[in-house]
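Trainee: So the protein lines, in turn, are chains A and B. Residue numbering for the first sequence follows the working numbering, beginning at 2 and increasing consecutively. Residue numbering for the second sequence follows the working numbering, beginning at 73 and increasing consecutively. Yeah, the Cβ is synthetic: ideal placement off N, Cα and C, and Gly gets one too. Below is the structure I would like to discuss, written out as structure tokens.
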Amino acid sequence: MDLLSPEPGLVIWSGLTFIILFLLLRKFAWRPILDAIKAREHKIEEALASAQKASEEYKRIEEAKANMVADAKQERDLMLKEARAVKDSILAEAKENAVVEAQKIVAAAKLQIEKEKADAISELKLQVAKMSVEIAGKLLSENLKSDERQEEIIEKYLNECNFN
Amino acid sequence: MNRIKLFVFAIAALACPASVMAAHEMQTDSTEAKEEIDVNEIIGHHIADAHSWNIFGYTNSDGEKVELTIPLPVITYYKGDVLVRLSSAFEEEAVVEHNGLYYKMHHGKIYMTNAAGDIETDENGPINERPLDISITRNVVSMFMSVALLLLIFIGAARAYRKSSVPRGGNAMVETLVLFVKDIADEQIGKEKSDKFAPYILTLFFFIWINNIIGLIPFFPGGSNLSGNISFTGILAVFTFLTTAIFASKSYWKHNLTVPGIPFPMKFLLVPIEIVSMFTKPFTLLIRLLANVTGGHIIILSLLSMIFITQSYVMTIPSVLLSLVIFVLELIFGALQAYIFALLSSLYIGLAVKDEEHED
């Protein structure tokens, strides 16, 4: 039966054609297609991995940020505390200085007053002496006028020399 | 799962326009065989190979039969003499003389004859010597067309990957199909080794499938019965056999030739069986494809021939409807047979290249 007897011509052509088709498709179709699919799978896996990595990185950064904020807060508190302490100490020092200064000023003023006072007394003494001399002189010139007169004059001069 | 759905959809999409073509075939046939109703011969003619390509024939107004036929090159080799002629030179049993040798085509075969062109016959048919016939027959032409189509489709698809790693449109479907077949190879051969054999399995699958489809197109340039020809299925089975034999692992040979783990006397029985099975495996591939494809063609043609046997217009309706059903089934079987051939080939290759130690 024809159906079951192979024709050598067709066997040769089929074999040859299949081998050539196989080689051509392998080189120009199957390899490129399968490689491209493999590369794409690889790429997707890589992308997923890197996305995972990025999210982890993000988490890590987020954590670091939180830590930094906490640290900064702490530092701020510390700085504020320090500043307050410094302020207090400056204030205290200033107060102390002021007291010392005031005492100095007071002391200087006292000294000045003492000196002024001494000057005034010596001046007074001088004036009293001068007046005494003047009064004695006048008394001598008015000598011997009545006693009344004498007393009057003394009274008068005494009034004149007021101790101010 | 999604991949299989797409695959089925692709086949369904192909089936719709093809069923219209089946109706067309019926019409062509009805003009062809108005007078003589030798159904056996018509069908035999359709499924056999031919040296020329008959596109259609009709009876013109003068009552003459006109056949529109494309002549194909006839190439033969006989004892150092290479003959290259168009098949039209052999029309109507003409004797072709070349370098003192006489060639004649008789019932689609080339014979060596004497100058008068006598064909001697006995009860088995002609006994004249035959040259080695390597003509570009109808099947060879349709095979070349399938090759051109395959190259066009798949190299085109491969090029698309240069632009973007995600193919679009038709190329996306190509990728689905390629992955479908690649998965067969992966499952049967194993992921580590399948890269080496996947191109072979892919080529097998698509070569068989496209030829099955071309065979089902009822008019020119389809209609050949290449994948239902024993020469075609045979050589593919031989390739699978050679692949298993060449790449087989040591444990495969050891297992087949010594059948370890069996009492010694039993080996006399089992070793020959194992050896025979090495050959029967590819042989079943050959027969399965041949019988399925040719069977499908015969059923469709037989159903259509019912019209001419009964000589009744009423028969047209059931006969066309039935052949349409078979046609759609054949389209599905066309893919299924390609799938089975690829699956079994990769199964056999997988069995052969596995280097598991046999437990004994």
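Unbroken alpha helix (DSSP H) runs of length 4 or more, entirely within the stretch 322 to 357 of chain B: which are they?
Mentor: Counting only runs of 4+ residues, the alpha helix (DSSP H) found wholly inside the stretch 322 to 357 of chain B occupies 322 to 330, in chain order.
Trainee: With C-beta atoms as the reference, is Leu373(B) less than 8 Å away from Gln409(B)?
Mentor: no
Trainee: Could you tell me the alpha carbon to alpha carbon distance between Ala119(A) and Ala86(A), rounded to whole angstroms?
Mentor: When rounded, the distance between both Cα atoms is 49 Å.
Trainee: If you measure between the beta carbons of Pro344(B) and Ser214(B), is that distance less than 8 Å?
Mentor: For Pro344(B) and Ser214(B), no; Cβs fall outside 8 Å.
Trainee: Could you list which residues in chain B have their beta carbon closer than 9 Å to that of Val70(A), in chain order?
Mentor: Listed along chain B is no residue with a C-beta nearer than 9 Å to that of Val70(A); the closest approach is about 43 Å.
Trainee: Measure from the alpha carbon of Ile13(A) to the alpha carbon of each residue in Tyr411(B), Thr209(B), Val331(B) and Thr366(B), then state which is nearest.
Mentor: Thr209(B)
Trainee: Return helix, strand or coil for Met387(B), following the three-state DSSP convention.
Mentor: In this structure, DSSP gives Met387(B) a state outside helix and strand, which the three-state scheme calls coil.
Trainee: Determine, using beta carbons only, whether Asp205(B) comes closer than 8 Å to chain A.
Mentor: yes
Trainee: Below 8 Å on the Cβ atoms is my guess for Pro166(A) versus Gly306(B); work out the distance and round it to an integer in Å.
Mentor: Here chain A has residues from 2 to 165 only, and residue 166(A) is not among them.
Trainee: Taking Ser160(B) as the reference, which of Leu223(B), Leu173(B) and Trp125(B) has the closest Cα?
Mentor: Trp125(B)
Trainee: Within 10 Å of its beta-carbon, does Pro335(B) have 16 or more other beta-carbons around it, so buried, or fewer, so exposed?
Mentor: exposed
Trainee: Asp258(B) by DSSP, collapsed to three states: which one?
Mentor: Residue state for Asp258(B) is assigned as helix, using DSSP reduced to three classes.
Trainee: Leu81(A) to Glu97(A), Cα distance in whole Å?
Mentor: Looking at the two C-alpha atoms, the distance is approximately 24 Å.
Trainee: Using alpha carbons as the reference points, say which of Ser417(B), Ile389(B) and Ile199(B) lies closest to Ile273(B).
Mentor: Comparing alpha-carbon positions, the option among Ser417(B), Ile389(B) and Ile199(B) lying closest to Ile273(B) turns out to be Ser417(B).
Trainee: Is it the case that the Cβ atoms of Ala120(B) and Gly180(B) are separated by a distance below 8 Å?
Mentor: yes
Trainee: By the three-class DSSP mapping on this structure, what secondary structure does Asn283(B) have?
Mentor: helix
Trainee: Could you pull out every residue in the same chain whose Cβ sits closer than 7 Å to the Cβ of Phe19(A), ignoring the five residues on either side in sequence?
Mentor: none
Trainee: Please tell me whether Asn283(B) and Ser299(B) are closer than 8 Å, where the distance is taken between their beta carbons.
Mentor: Yes, they are a contact pair.
Trainee: Taking Pro9(A) as part of the beta strand (DSSP E), name the residues at either end of that continuous run.
Mentor: That residue, Pro9(A), is in no beta strand (DSSP E); its alpha helix (DSSP H) goes Pro9 to Leu26.
Trainee: List, in order along the chain, the chain A residues whose C-beta lies closer than 9 Å to that of Val111(B)?
Mentor: The premise fails here: Val111(B) is roughly 16 Å from chain A at the closest Cβ pair, so nothing lies under 9 Å.
Trainee: Can you tell which of Ile227(B), Glu113(B) and Val156(B) has its C-alpha closest to the C-alpha of Ile34(A)?
Mentor: Ile227(B)
Trainee: In whole angstroms, give me the CA-to-CA distance for Ser99(A) and Glu83(A).
Mentor: The identity of residue 99(A) in the sequence shown is Ala, whereas the question assumes Ser. The alpha-carbon atoms of Ala99(A) and Glu83(A) are separated by roughly 24 Å.
Trainee: Could you tell me the boundaries of the alpha helix (DSSP H) in which Val156(B) lies?
Mentor: Not the alpha helix (DSSP H): Val156(B) falls in the beta strand (DSSP E), residues Asp153 to Leu158.
Trainee: When the Cα atoms are used, what is the spatial distance from Ala95(B) to Pro290(B)?
Mentor: With a pLDDT of 43 at Ala95(B), under the threshold of 50, the modelled position of this residue cannot be trusted; read the value that follows with caution. Using only the alpha carbons, I get a separation of about 9 Å.
Trainee: Should Met166(A) be labelled buried (16 or more other beta-carbon atoms within 10 Å of its own) or exposed?
Mentor: The shown model of chain A, from 2 to 165, leaves out residue 166(A), and the question about it has no answer.
Trainee: Taking Lys322(B) and Val331(B) to be in contact with their CB atoms under 8 Å, please state how far apart those CB atoms are, rounded to whole angstroms.
Mentor: That belief does not hold up - the Cβ atoms of Lys322(B) and Val331(B) are roughly 15 Å apart, past 8 Å.
Trainee: With a floor of 4 residues, list each alpha helix (DSSP H) that falls wholly inside the stretch 155 to 239 of chain B, ordered by position along the chain.
Mentor: 210 to 235
Trainee: Give me the Cα-Cα distance between Ile225(B) and Phe277(B), rounded to the nearest whole angstrom.
Mentor: Computed Cα separation, rounded: 14 Å.
Trainee: Going straight from the alpha carbon of Lys131(A) to that of Glu102(A), what length do you get?
Mentor: Rounded to the nearest angstrom, the two C-alpha atoms are 43 Å apart.
Trainee: Whole angstroms is fine: what's the gap from Ile302(B)'s alpha carbon to Lys137(B)'s?
Mentor: 32 Å
Trainee: Find out if the Cβ-Cβ distance for the pair Thr185(B), Val167(B) is shorter than 8 Å.
Mentor: yes
Trainee: With distance defined between alpha-carbon atoms, name the residue in Leu329(B), Phe351(B) and Thr352(B) nearest to Leu341(B).
Mentor: Leu329(B)
Trainee: Short of 6 Å in beta carbon distance, which residues of its chain neighbour Leu204(B), apart from the five on each side in sequence? Order them along the chain.
Mentor: Tyr149
Trainee: In three-state DSSP terms, what is Leu144(B)?
Mentor: For Leu144(B), the three-state secondary structure derived from DSSP is coil.
Trainee: By alpha-carbon positions, which one of Thr275(B), Lys151(B) and Val386(B) ends up nearest to Val219(B)?
Mentor: Thr275(B)
Trainee: Which term fits Asn243(B), buried or exposed, when burial requires 16 or more other beta carbons within 10 angstroms of its beta carbon?
Mentor: Within a 10 Å sphere around the beta-carbon of Asn243(B) sit 16 or more other beta-carbons, which makes this residue buried.
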